[in-house]
């Protein structure tokens, strides 16, 4: 928006232009008649007055220079499309979904949780951790050790990755409620879950741990899934199905976004929140393929399924989000998966839940959204910061990745998650990222 000029300034500028034009038009006649100016410096005065009036906005508005720079930045950002062509193509395949909660069929038997006494119907308070966080509690020696190591994990954090440090949330950020869902098993409760609860877990608006054992002290909840094989990995898909059904039935109306991961993920919740509240994602959720514009119906939403994309075997027609770093869905996508796909989702024993999730979504026109930043940096990482810094990956990683960068540029400055993070590294990353280490 241009700086406003007063009517007086506009009138003076108009008068000066006319006078200057008349002067220029008749100067040759004046010279040809050898007439002298009554005021020898008349022309100089005209130029001086014009220059002063032309720059008058600087006098009227002392911040005009700053405003002009801001305008240039805004114009530059406005001229750049919010949605890259590849994502427009993805969104065009989707249909808007009515976000009103719909009860699942009476025959549905999955998605029922049990309390610590084995009784069905348990619904935990997923806000308990946010309301009463246990706190970050490394001892002085542990913190010193965590901060002094200068390995590849440190280098990636120190050189590239940063937490969104804005103290004041935007309206969009404040309004977006995120439920974080972690998948685990009883034998890993006391090894991994406490680290999550003392680091990033309380930053989520809601936090719940889906397990095979309910432990209110840790926030874990037993969600039966109907699997019969002894190998827990082969029951992975059935666990995912049942967990998402439970989340939909009990928390759909309370949250806007649902993040799902296993128990070895470090999540930068602030960066996730920043990304989900960005103009790009707002535009994507409201995209309407029939008008190629925003969908003004706030009761409808384009389903979004976002994480770390891979092309299976390098096939760009078979893209999935890797389960490792976690993925996030909006209300529309959750409803598609649980309600629309209820009769389609196969009852199958397989460990490849990420492939099954992607193919189920694809059947309903929902495809993994490209979450790379503008520089090609990934937001969701399949392994630790140091591993990505060293960029030593097997052949399959390069074959199945889509347009990746290498080394420090592999990760986005606003990275969202890292996988294969054990409890010790979980505490260390938190200390490095949240100011517990003096740089």
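Numbering (the numbering used here), first residue to last: 94 to 532. Glycine included, C-beta positions come from ideal geometry on N, C-alpha and C.
How is the beta strand (DSSP E) around residue i delimited, first residue to last?
{"i": "residue 271", "result": "271-276"}
{"i": "residue 403", "result": "402-404"}
{"i": "residue 470", "result": "No beta strand (DSSP E) holds residue 470; DSSP gives it neither H nor E."}
{"i": "residue 494", "result": "Residue 494 -> no beta strand (DSSP E), and no H or E assigned at all."}
{"i": "residue 412", "result": "412-414"}
{"i": "residue 180", "result": "Counting along the chain, residue 180 falls outside any beta strand (DSSP E), though it belongs to the alpha helix (DSSP H) covering 178-185."}
{"i": "residue 354", "result": "350-355"}
{"i": "residue 303", "result": "299-304"}
{"i": "residue 420", "result": "420-423"}
Measuring only the C-alpha atoms, how far is residue i from residue j?
{"i": "residue 209", "j": "residue 225", "result": "21 Å"}
{"i": "residue 206", "j": "residue 451", "result": "25 Å"}
{"i": "residue 198", "j": "residue 265", "result": "34 Å"}
{"i": "residue 432", "j": "residue 195", "result": "8 Å"}
{"i": "residue 192", "j": "residue 424", "result": "7 Å"}
{"i": "residue 340", "j": "residue 281", "result": "22 Å"}
{"i": "residue 518", "j": "residue 426", "result": "32 Å"}
{"i": "residue 430", "j": "residue 291", "result": "31 Å"}
{"i": "residue 233", "j": "residue 529", "result": "11 Å"}
{"i": "residue 245", "j": "residue 511", "result": "14 Å"}
{"i": "residue 498", "j": "residue 455", "result": "27 Å"}
{"i": "residue 409", "j": "residue 213", "result": "43 Å"}
{"i": "residue 483", "j": "residue 231", "result": "28 Å"}
{"i": "residue 375", "j": "residue 309", "result": "36 Å"}
{"i": "residue 202", "j": "residue 414", "result": "27 Å"}
{"i": "residue 331", "j": "residue 357", "result": "20 Å"}
{"i": "residue 448", "j": "residue 531", "result": "42 Å"}
{"i": "residue 478", "j": "residue 311", "result": "27 Å"}
{"i": "residue 335", "j": "residue 370", "result": "28 Å"}
{"i": "residue 219", "j": "residue 348", "result": "11 Å"}
{"i": "residue 500", "j": "residue 183", "result": "28 Å"}
{"i": "residue 316", "j": "residue 342", "result": "13 Å"}
{"i": "residue 297", "j": "residue 307", "result": "20 Å"}
{"i": "residue 400", "j": "residue 421", "result": "6 Å"}
{"i": "residue 516", "j": "residue 286", "result": "8 Å"}
{"i": "residue 277", "j": "residue 465", "result": "28 Å"}
{"i": "residue 258", "j": "residue 367", "result": "10 Å"}
{"i": "residue 403", "j": "residue 346", "result": "31 Å"}
{"i": "residue 457", "j": "residue 434", "result": "8 Å"}
{"i": "residue 217", "j": "residue 288", "result": "20 Å"}
{"i": "residue 179", "j": "residue 188", "result": "17 Å"}
{"i": "residue 229", "j": "residue 254", "result": "21 Å"}
{"i": "residue 175", "j": "residue 373", "result": "5 Å"}
{"i": "residue 474", "j": "residue 263", "result": "26 Å"}
What residue range does the alpha helix (DSSP H) around residue i cover?
{"i": "residue 316", "result": "From DSSP, residue 316 is part of no alpha helix (DSSP H); its letter is neither H nor E."}
{"i": "residue 377", "result": "372-378"}
{"i": "residue 362", "result": "362-369"}
{"i": "residue 286", "result": "282-291"}
{"i": "residue 221", "result": "221-224"}
{"i": "residue 197", "result": "Run containing residue 197: none; DSSP gives neither H nor E here."}
{"i": "residue 36", "result": "Within the shown structure, residues of the chain are numbered from 94 to 532, placing residue 36 beyond reach of any answer."}
{"i": "residue 258", "result": "First-last for residue 258: undefined, no H or E at that position."}
{"i": "residue 528", "result": "Here residue 528 belongs to no alpha helix (DSSP H), and DSSP marks it neither H nor E."}
{"i": "residue 246", "result": "245-252"}
{"i": "residue 454", "result": "446-456"}
Can you say whether residue i is buried or exposed, counting buried as having 16 or more other CB atoms within 10 angstroms of its CB?
{"i": "residue 50", "result": "There is no way to answer for residue 50, as the model of the chain reaches only from 94 to 532."}
{"i": "residue 252", "result": "exposed"}
{"i": "residue 284", "result": "exposed"}
{"i": "residue 67", "result": "Absent from the structure is residue 67, since the part of the chain shown begins at 94 and ends at 532."}
{"i": "residue 392", "result": "exposed"}
{"i": "residue 446", "result": "buried"}
{"i": "residue 268", "result": "exposed"}
{"i": "residue 485", "result": "exposed"}
{"i": "residue 406", "result": "exposed"}
{"i": "residue 261", "result": "exposed"}
{"i": "residue 437", "result": "exposed"}
{"i": "residue 338", "result": "buried"}
{"i": "residue 275", "result": "buried"}
{"i": "residue 133", "result": "In this prediction, residue 133 has a pLDDT of 49, which is less than 50 and means its spatial position is unreliable; what the coordinates show is noted afterwards. Label assigned to residue 133: exposed."}
{"i": "residue 418", "result": "buried"}
{"i": "residue 299", "result": "buried"}
Under 8 Å by Cβ, that's how I've got residue i and residue j pegged, so tell me the actual separation to the nearest angstrom.
{"i": "residue 365", "j": "residue 271", "result": "7 Å"}
{"i": "residue 222", "j": "residue 294", "result": "5 Å"}
{"i": "residue 314", "j": "residue 215", "result": "6 Å"}
{"i": "residue 190", "j": "residue 394", "result": "6 Å"}
{"i": "residue 460", "j": "residue 186", "result": "6 Å"}
{"i": "residue 177", "j": "residue 463", "result": "7 Å"}
{"i": "residue 453", "j": "residue 513", "result": "Not a contact, Cβ separation roughly 26 Å."}
{"i": "residue 360", "j": "residue 256", "result": "Wrong, their Cβ atoms sit about 11 Å apart, outside the cutoff."}
Discussion item. Assess contact between the stretch 298-316 and the stretch 340-355, defined as three or more Cβ pairs (one per stretch) separated by less than 8 Å. Is contact present?
Written reply: yes
Worksheet entry | Segment contact flag, the stretch 460-474 with the stretch 494-510, C-beta cutoff 8 Å, min 3 pairs | yes
Worksheet item: Would you say the stretch 230-243 touches the stretch 486-495, given that touching needs at least three Cβ pairs under 8 Å?
Response: no
Worksheet item: Does the stretch 510-525 come within contact of the stretch 372-381, defined as at least 3 CB pairs closer than 8 Å?
Response: no
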